[in-house]
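Keeping their order, the protein sequence lines are chains A and B. Here my numbering is used: the first residue of the first sequence is 72, the next is one more, and so on. Here my numbering is used: the first residue of the second sequence is 11, the next is one more, and so on. Virtual Cβ for every residue (Gly too), placed ideally from N, Cα, C. Below is one structure, written out as C-alpha cells; the observations come after it.
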Amino acid sequence: QKEVEQNSGPLSVPEGAIASLNCTYSDRGSQSFFWYRQYSGKSPELIMFIYSNGDKEDGRFTAQLNKASQYVSLLIRDSQPSDSATYLCAVVSGGSYIPTFGRGTSLIVHP
Amino acid sequence: KAGVTQTPRYLIKTRGQQVTLSCSPISGHRSVSWYQQTPGQGLQFLFEYFSETQRNKGNFPGRFSGRQFSNSRSEMNVSTLELGDSALYLCASSLVLGTRLNEQFFGPGTRLTVL
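Set out below in C-alpha cells:
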C-alpha cells in the first residue's frame, strides 16, 4: 500500500519566520509531488508541484525533493498569519496516476 | 476561466436514503476525480472518470458509484446512506490524468451530513 506521511502538527511559527513542512512517501516509483493548502472549511488549493530532484521556488514557497531519501518538503519564507492552514502533500506514482494524499500538517503563524 | 463547480454545497440526509452530487469541471478538463474527506481518514480517493469511462477506483463499497457525461460533467451517487458517510465530498478536475502534468484543481465540495 502506497503511503504518504506527514506530521499532523500543529507547527507554530512566528510571523516572518521560515516554516518547514515535511512529507515522506513509501513508493519509490513515485513521479510527481504536489503541495496543497487547505483553509479551514475550504477545499484544497494547489500551490506547488515538483517532479525532479532538487529545489523549485515560486515566490515565498520552495519545494524540495529528494527521491533517494523519499521525502519532499515545502518551505514558506517570511511566513504570514494568512499562511495559517493545513498543508497536504500528494504523491503520484506511475500506473494509475492517482494522487495519494497525506493527512496534512496544520501550520499556525502567530503575529 | 471558471473553476470547478459542485452542487449542492450542503446536504442533510437520513440513514438509508440515497444522494446524488454533481460536479462541473474546468472547461477543457476531461478528467474528473472524486474524493471523500473526513477528519479521521483524511482525503481518500473514490474514483476517476475520463471520457465517460471510469478509469480508476478507490477502496469504497459498491454503494458509491459515479458517471461522467459527454460534456465531462460528473455525478456521484451514494445509496443506502450510513452515518459514516458524513463527509466533505470533493471533486477535482485535471486537463488529462495519466500524463506527468496532472495537477488537479478542486471544487468547493459538498458537505454531506447523514442523520
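- With a threshold of 7 Å between beta carbons, E62 (chain B) makes no contact with chain A.
- The Cβ atoms of E116 (chain A) and V180 (chain A) do not sit closer than 7 Å to each other.
- For the pair T120 (chain B) and L31 (chain B), the CB atoms are nearer than the 7 Å cut-off.
- Contacts with chain A at 7 Å (Cβ-Cβ) do not include P35 (chain B).
- Counting along the chain, K23 (chain B) sits inside the beta strand (DSSP E) bounded by residues 20-23.
- Taken through DSSP and simplified to helix, strand or coil, P85 (chain A) comes out as strand.
- According to DSSP, A134 (chain A) shares a beta bridge with A:K127, A:L145.
- Within 9 Å of the CB of L82 (chain A), no CB atom of chain B is found; the nearest one sits about 17 Å away.
- Proximity to S177 (chain A) across A:N93, A:K73, A:Q72 peaks at A:N93, based on C-alpha coordinates.
- Only exposed fits V106 (chain B), as fewer than 16 other CB atoms lie within 10 angstroms of its CB.
- Exclusion of the five residues before and after T133 (chain A) leaves D126, L146 as the residues of its chain whose Cβ lies within less than 6 Å of its Cβ.
- Contact of P118 (chain B) with chain A by beta-carbon distance below 7 Å involves S114.
- Close to G52 (chain B), with beta-carbon spacing below 9 Å, are these residues of chain A in chain order: L159, F172, G173, R174, G175.
- The Cβ atoms of V162 (chain A) and Y96 (chain A) sit closer than 7 Å to each other.
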